[in-house]
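Counting from 1, position 341 in the first sequence corresponds to residue 461 in our numbering; the numbering is continuous, with no gaps.
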Amino acid sequence: MLDIRFIRENSDKVKNACKVKGFEDRVDEILKLDVRVRELKTITQNMTAEKNKITREIPNAADKSPLIAKSKQISDEIAADMAELAEKEALLNDLLHRVPQIPDVKAPIGPDDSANVEVRRIGKPKEFDFTPRAQWDLLDMNGWWMPEKIAQICGTRTYCLIGEAAELQLAIETYVIQKLISKGFRFIECPSITKPQTIFDAGHFMGADLSVMNNDVFMLTDTDRCLAGTAEIILNSLHSGEILPESALPIKYAGFSPCFRKEAGAAGRDTRGLARFHQFNKVEQYVFCTPEQSDEMHEHLLNNLCEVVEDLELPYRVIANSTGDMGFNKVKMNDVEAWVPSENAYKELGSCSSIGTFQARRTNTRYRENGTNEVKFCATLNNTGIAVPRALVPFLENHQNADGSVNIPKKLQALMGGRTKIGGKH
RNA sequence: GGAGACGUGGCAGAGCGGUCGAAUGCGCGCGACUCGAAAUCGUGUAUACGGGCAACCGUAUCAAGGGUUCGAAUCCCUUCGUCUCCGCCA
């Protein structure tokens with residue numbers, strides 16, 4: 121959420137953010153409510169002050185009863201104002217949770233992903249001297265999965281990897297985790313079961329009513345818990361309510377967890393192969409820093425993902441996502457997409473996002489500034505480290521040989537027991 | 001799942017209906033002493049919101065929410081969390 125004072129003083133900027141991000145503009149409503157809420161606060165606080173004064177006189181008063189009566193009278197007088205205040209504050213709070221984050225001035229403006237801009241392209245799509253197979257054919261011919269069987273056992277949008285492919289998935293995860301550790305990230309394995317409020321605090325959903333998440337989040341029946349869609353959600357709340365010393369920033373986490381998504385809005389999409397499941401593993405980069413450090417951290421996180429993709433020897437490109445595509449809570453966002461030969465297209469591998477102080481306001485995560493001792497909200501950022509099995513799609517296809525075997529990039533070979541390729545007829 | 005104990009400031013720990021935003025100790029900041037440091041002494045040390053140009057004033061917060069009361073850290077209820085024992089179990 122944004123600071124109400126910021127909204128008061130920059131209503132034009134906020135209105136514009138609603139417009140370019142495609143969210144309903146309720147700023148005027150907010151400003152009107154804000155005025156009334158402050159009026160009511162002033163009135164009720166002054167009355168309460170008077171009441172408190174009388175109350176303090178009671179113990180030493182010779183005749184207590186008139187003071188008690190007066191105190192009761194004041195309570196009755198402010199009751200209506202207090203009720204209105206509570207109601208208006210709840211309303212204001214809900215509306216404030218519907219105001220989107222202000223996008224970066226440099227973000228491409230547009231209604232959806234059609235307005236995204238390619239920032240850079242690294243590597244060239246590989247030329248094959250045979251017709252490259254699609255990921256699912258490679259998985260089939262190597263016996264690396266059993267899609268029909270698993271769908272029967274566990275339902276659609278679940279998967280299993282078998283044999284060398286399963287080893288490969290684990291190796292990639294380990295590789296990325298080790299890489300991030302070497303770059304100063306603290307490795308943390310996150311729970312997948314969490315409370316709805318925790319998910320809400322990550323700021324992907326609007327308003328104060330948690331039920332808006334029901335379409336996207338797996339709720340656990342007869343409990344107050346749900347399944348987290350990403351480690352980001354847990355990491356975001358890791359310092360909630362704390363005031364960190366500025367000297368501790370930036371704090372960098374490499375979170376690993378299984379991720380759970382309903383994918384209700386993606387019915388019929390990506391049903392074949394390894395692209396989209398209800399459950400997948402992800403290594404997540406997450407940073408708490410000062411707002412001043414945020415842009416530098418954004419580049420850092422983005423470069424880490426690019427490095428991973430380069431280590432995996434995949435052709436890729438970096439996208440600047442448009443205002444309409446970046447979502448509710450983001451300042452800026454860069455997708456990293458890898459080349460998928462069978463689709464003749466670049467497909468998303470991960471997403472680097474600057475959130476500004478938006479999440480930190482929801483979790484009340486702050487820091488004390490050096491020198492001034494001022495307490496300020498932290499900025500947060502997140503980026504994918506690697507998401508498997510999705511990353512295996514370009515991996516398998518780009519590294520395939522004519523016999524169906526798959527080459528292992530140099531940097532990964534040690535974690536694959538020194539093998540240079542897997543599968544095929546060998 | 002059963003039984004019990006408990007949640008107070010950065011930490012430790014008093015308080016158990018008014019004088020408590022909260023003793024005391026530790027930590028930390030500043031100052032004095034010192035060539036410097038340690039020790040010692042003095043002094044300061046939460047956050048949010050509202051009002052004010054400001055100094056400052058007010059309101060709220062002792063896990064969270066609700067209740068009793070003129071008045072709640074203190075009494076009652078609910079929820080969340082922590083610890084101990086038993087049971088069960090990767």
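The beta-carbon is built from N, C-alpha and C at its ideal position, and this holds for glycine as well.
Leaving aside the five residues that flank C379 on each side, the residues in its chain whose CB is nearer than 8 Å to its CB run, in chain order, S312, A348, G349, T350, A351, Q399, F400, N401, K402 and A507.
With a beta-carbon spacing of about 40 Å, Q533 and G323 fall beyond the 8 Å limit used to define contacts.
Of all alpha-carbon atoms in S185, K382 and E293, the one lying nearest the alpha-carbon of G275 is that of K382.
Per DSSP, A499 is one residue of the beta strand (DSSP E) stretching across A499 to V508. DSSP places P186 in the uninterrupted alpha helix (DSSP H) bounded by S185 to L216. For L364, the enclosing beta strand (DSSP E) stretches over residues I363 to P365.
According to the DSSP assignment, Q399 belongs to the beta strand (DSSP E) that extends over Q399 to C409. L288 and G263 have their C-alpha atoms roughly 14 Å apart.
By the 16-neighbour rule on beta-carbons within 10 angstroms, P509 is buried. Burial is judged here by how many other beta carbons sit within 10 angstroms of a residue's own beta carbon; D455 has at least 16 and is buried. Out of A200, E238, I198 and C498, the CA that lies nearest to the CA of A440 is found in E238. D445 and D196 do not touch by the CB rule: their CB atoms are close to 54 Å apart, not below 8 Å. Beyond the five residues adjoining it in sequence on each side, C346 comes within less than 7 Å, by CB distance, of T314, P316, I319, V337, F338, M339 and L340 in the same chain, given in chain order. Taking a C-beta distance under 8 Å as the contact criterion, D123 and V451 do not qualify as a contact pair. When the beta-carbon positions are compared, Y279 and L394 come within less than 8 Å of each other.
Residue burial is scored here from C-beta neighbours: N503 has at least 16 other C-beta atoms within 10 angstroms and is therefore classed as buried. In chain order, P228, I439, A440, N441, S442 and D445 place their CB closer than 7 Å to the CB of N236, counting only its own chain and leaving out the 5 sequence neighbours on each side.
In this structure, T485 is the residue among T485, V460 and L281 with its C-alpha nearest to the C-alpha of S360. Boundaries of the alpha helix (DSSP H) harbouring C426: S414 to D431, taken from the DSSP string. The region 249-260 makes no contact with the region 158-177; the number of CB pairs closer than 8 Å stays below 3. With distances taken between CA atoms, A368 lies nearest to R488 out of S525, E419 and R488.
Spatial neighbours of M261 in its own chain (CB-CB distance under 6 Å, excluding positions within 5 residues in sequence) are listed in chain order as G524.
Just so you know, the alpha carbons of P461 and I354 end up roughly 35 Å apart. According to the DSSP assignment, D257 belongs to the alpha helix (DSSP H) that extends over Q255 to N262. For K372, the three-state secondary structure derived from DSSP is strand.
Per DSSP, the unbroken beta strand (DSSP E) holding L469 starts and ends at A465 to G476. Straight-line spacing of the CA atoms in E209 and R277 works out to 42 Å. Around P245, the same chain offers P435 and W459 as residues with beta carbons nearer than 6 Å, after the five sequence neighbours per side are excluded. Cβ-Cβ separation between L516 and C472: approximately 24 Å, too far for a contact (criterion under 8 Å). Under the three-state reduction of DSSP, R306 is assigned to strand. Residue burial is scored here from C-beta neighbours: D183 has fewer than 16 other C-beta atoms within 10 angstroms and is therefore classed as exposed.
Within the same chain, Cβ atoms closer than 6 Å to the Cβ of L422 are found at N454 and C472, the five residues on either side in sequence being excluded. For the pair M326 and F250, the CB atoms are not nearer than the 8 Å cut-off. Annotation for L153: K208, L211, L212 and L215 place their beta carbon closer than 8 Å to its own, counting only its chain and skipping 5 residues before and after. P378 sits in a strand when the DSSP states are folded into three classes. For E284, the number of other beta carbons within 10 angstroms of its own is at least 16, and it is reported as buried.
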